[in-house]
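Residue numbers (this note's numbering), protein chains in the order written: chain A, -15 to 968; chain B, 95 to 218.
Accompanying notes for the structure given below.
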């Protein structure tokens, strides 16, 4: 089979199967486990099929370019070392699936479990087969994430949630560190390809960034492999279902860190920095883990700490400057996977059949479950390093390395043999405790369940693993020898030293150390036995050195206290201080940049001052200042002055060749003023803060500060405008539009062509916004009555009503109608004129100033004028066509439809078309599709503007209805025309 | 010419900012309307000042000859005017709603979602 297919299947198949398993019904336990088992076996077969290539020192490689410009490709690569790990992952994976089938309760959503497990298997395989550093980091994070899901599988328990979160926090943070590390490494080497990196050992070690890369990568590896001081997540991960623990914490997840260290060993190890970081972490972890494991009362807790300790041992071996130590590390990784996995499974069986994992409650299980007891005994003996079992051989290699590694590295390492013996003695103690405490002693009593042997197939994976332990222990060279050799040669290449895998090397120092450690372990256990049985509250001496509590405190500090402090410093719950902060930041940033870079004089000479225009601007500025002056007490005056400012801006537009802008500005200014007048009527005139008034001085200081900010903002903007105006513009984008407006857009009014053609999509979005705003305004005001404190009729209206009241023959409002008779007649006459003007503006828009916006505004103004002078009821009686929401919808449909119509001709959305049509009377009229678009804009603007204004205007009708009037009710109660969408 | 126009823009911005820093929502609205004018004007002048040459192609011609006013800022400002109007209308209605529902137009007192921590009463 081609390499690519084998490798892609190995990584892809588990993920595909994970999706399939995830889609199975919740109760499909058998189907899901069959699927998972089949996939694991197929993957194992695929791994085996690659044996021929890798045993000859070959490498399977497949590459899929992804972003070759950035040097990013998907590279799958399997050498002997990756092959060994892939075998472990898939082989143990298959056993764990079988075990889980019997372990998991039918009540659990088992397909979900297998889905996660398969995905994890895929991620893990992807990790070991990655031939690209970034890809490796990606799979690394994926394993963290999937282990989070697996550990938190029983998410209804708090322990699972906390354990999963802690594992994720630690390992994913480490993963980020690793990611940064591989980026640095890739930067040093100039390639992320693993093959290139592995060939660049000297470059890496001599590079000034080596230390940075080392620390970042080692942090990633140490967190993943639960090394001190990050070890504490692993015991908490024991809240996971036992198959997960057996898989993740014996063979896969925690071995990823070790895998990475060994993978990069040839290029990064060999320096003192490596020895001290990796070696020291391993040494401390090995001792502390073994020590704490002794005092665990939970079976899985004991195994978790023993795992930590053994991982420490492997890490320590990797930290030594010796090829033999590396081989020992790989060997121990395999051995540990075998015995620890079987022990986890045994612990799971005990938990499953007795209902508890507490060593203090368990005893004498040898009686009811003799077979399991023997299996566990052998596995535990392997863990303790008893001769003729696999753990013994790797332990002997470790002792030999500990002895030989002392002098060349550092004199301090003279303690290494002692430490090794101590850790070994501790492992004897906890192994003894596991076996003796659980299986021996008085027959079990008072257990949640009556213990009995598990299902045959549940025990089967344990049997396989224990058999492996014995086989490797008795005949190491014949069983595991070739595979270890393949892996070692893949890492070390030609530098692979001679080593001998044998049970008996004669009487030598390592053997002596083993015997001493064994004896010491048994002695310690005998001494501690009684106290352990009674249960001790954590390990003595380091009981208070609780890394978990430190972690939790750090998490609280980071995520709660620090966040609160930052919020207190930088956040505010008031609008004005926020606004002030934003303004100050903008002013400082802008002025700062100008100050730092300096602002030279412009190259354009300012035009001579035109006295008329200058006077106009002075008036504009005066209007603005007047508006600010009057805003507090005279809103009407302020609104009028605001309109004055708008007019000055409008004239400025005219003056400087922007007729379209002037038209739009003028109409919008009118509508805005009407809007403000309508709206401000319902807002209170002056309102004192209901809370205590601030002292006079404070208020004055605040306003002075605001004045300073306002002046600074204005100064900056004036400066900016001046600087821009006195410089020659760079190559203008406008040239593009100027040159193409007629040729491609078919219009001579370039501004309009830009709006409805070149940037038609923007305009489409814009009119949608306007439509939405109008509808929202309408929705907010529907069924709404003005606030009670503003419904009181204004003085003028009261006068008018009283005048009506005084003459009994008259309806309400008659007085006003009489007074306004002349303007009323005039506006009625003006109405058609304005409509014609609007049509004129609309039709000529493409070629001359005008267009949909201004035309729409003119129509809206015409109608509003009727409202103002004729009154709501009168107008709506006569304009029953006035249904603004329908106008909005029509406008949007027209505009969007013009765009969609281009599809019918096989052109992209909003492609325009134009030609000229000869119409009678009107003459030659440009018929661009953009005109239809502009009509859409026009219709929408009419609808939206009217909807907003009418919704506001109707409040007065409602307000009048809800007024508790002292006057008697009007004879004919005002008929509210609910033409506006039925609600008005 | 340019310095005077720049000063006008500055005055408009200053007045707008001053009004928007008020705690009264009504004044904030007025300031907002003013800011719209100021910003539109400054975008417009970024296209430089050109007299008596609107970007209209002469009758019979197919392209421009000579200097013409920059049409791009004009198109942008035209959009901005309309959007600004919509935004102002929306803000006005929101202010109104706030007044009806919360009984205040002072922004500091609109505190339903984020109540201020209770101040401790002085001991006396």
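For every residue, glycine included, the Cβ atom is placed at its ideal position computed from N, Cα and C.
- C-alpha of residue 660 of chain A to C-alpha of residue 783 of chain A: approximately 24 Å in a straight line.
- Excluding residues up to 5 positions away in sequence, 302, 310, 475 lie with their Cβ nearer than 7 Å to the Cβ of residue 249 of chain A in the same chain.
- In the displayed model, residue 205 of chain B falls within coil according to three-state DSSP, outside both helix and strand.
- Chain-order list of chain A residues neighbouring residue 184 of chain B: 757, 760, 761, by C-beta distance under 7 Å.
- By the Cβ test, the region 42 to 55 of chain A is not in contact with the region 203 to 213 of chain A, since fewer than three Cβ pairs between them sit closer than 8 Å.
- Annotated three-state conformation of residue 536 of chain A is helix, per DSSP.
- In this chain, residue 192 of chain A is not harboured by any beta strand (DSSP E), its DSSP state being neither H nor E.
- Around the C-beta of residue 180 of chain B, 16 or more other C-beta atoms lie within 10 Å, and the residue is accordingly described as buried.
- Judged by beta-carbon spacing, residue 467 of chain A lies beyond the 8 Å limit of residue 308 of chain A, meaning their Cβ atoms are not closer than that value.
- When the beta-carbon positions are compared, residue 103 of chain B and residue 652 of chain A stay at least 8 Å from each other.
- At least one C-beta of chain A is nearer than 8 Å to the C-beta of residue 138 of chain B.
- Taking the C-beta atoms as reference points, residue 69 of chain A is found nearer than 8 Å to residue 243 of chain A.
- For residue 732 of chain A, the closest Cβ of chain B is nearer than 8 Å.
- At a beta-carbon threshold of 9 Å, the residues of chain A lying near residue 151 of chain B are 722, 725, 726, 731, 732, 733, 734, 831, ordered along the chain.
- Excluding residues up to 5 positions away in sequence, 113 lie with their Cβ nearer than 6 Å to the Cβ of residue 121 of chain B in the same chain.
- Put simply, the CB of residue 709 of chain A is near chain B, with a gap under 8 Å to one of its CB atoms.
- Closest by C-alpha distance to residue 456 of chain A, out of A:434, A:498, A:369, A:876, is A:369.
- If you ignore the 5 residues before and after residue 932 of chain A, its C-beta comes within less than 8 Å of the C-beta of 659, 757, 758, 761, 762, all in its own chain and listed in chain order.
- Boundaries of the beta strand (DSSP E) harbouring residue 62 of chain A: 56 to 62, taken from the DSSP string.
- Here residue 145 of chain B is exposed, its C-beta having fewer than 16 other C-beta atoms within 10 Å.
- Scanning A:539, A:326, A:576 for the CA closest to the CA of residue 76 of chain A turns up A:326.
- A direct Cα-Cα distance of roughly 16 Å separates residue 185 of chain B from residue 623 of chain A.
- Counted as a single uninterrupted DSSP element, the stretch harbouring residue 88 of chain A is not any beta strand (DSSP E), since DSSP gives it neither H nor E.
- At least 8 Å separates the CB of residue 126 of chain B from every CB of chain A.
- Secondary structure note for residue 599 of chain A: its alpha helix (DSSP H) is the uninterrupted segment 595 to 614.
- With a cutoff of 8 Å on beta-carbon distance, residue 923 of chain A and residue 878 of chain A are scored as near each other.
- The C-alpha of residue 800 of chain A lies about 25 Å from the C-alpha of residue 656 of chain A.
- With its beta carbon less than 8 Å from one in chain B, residue 649 of chain A belongs to the interface.
- Taken atom to atom, the span from the alpha-carbon of residue 38 of chain A to that of residue 127 of chain A is near 25 Å.
- Nearest to residue 321 of chain A by C-alpha distance, out of A:235, A:6, A:351, A:89, is A:235.
- For residue 51 of chain A, the enclosing beta strand (DSSP E) starts and ends at 44 to 51.
- Closest option to residue 279 of chain A, judged by alpha-carbon separation, among A:304, A:416, A:329: A:416.
- Rounded to the nearest whole angstrom, the CA to CA distance from residue 410 of chain A to residue 275 of chain A is 6 Å.
- CA-CA distance, residue 766 of chain A to residue 939 of chain A, rounds to 9 Å.
- In the DSSP secondary-structure assignment, residue 282 of chain A is bridged to A:342.
- Residue 175 of chain B has a beta carbon lying within less than 8 Å of a beta carbon in chain A.
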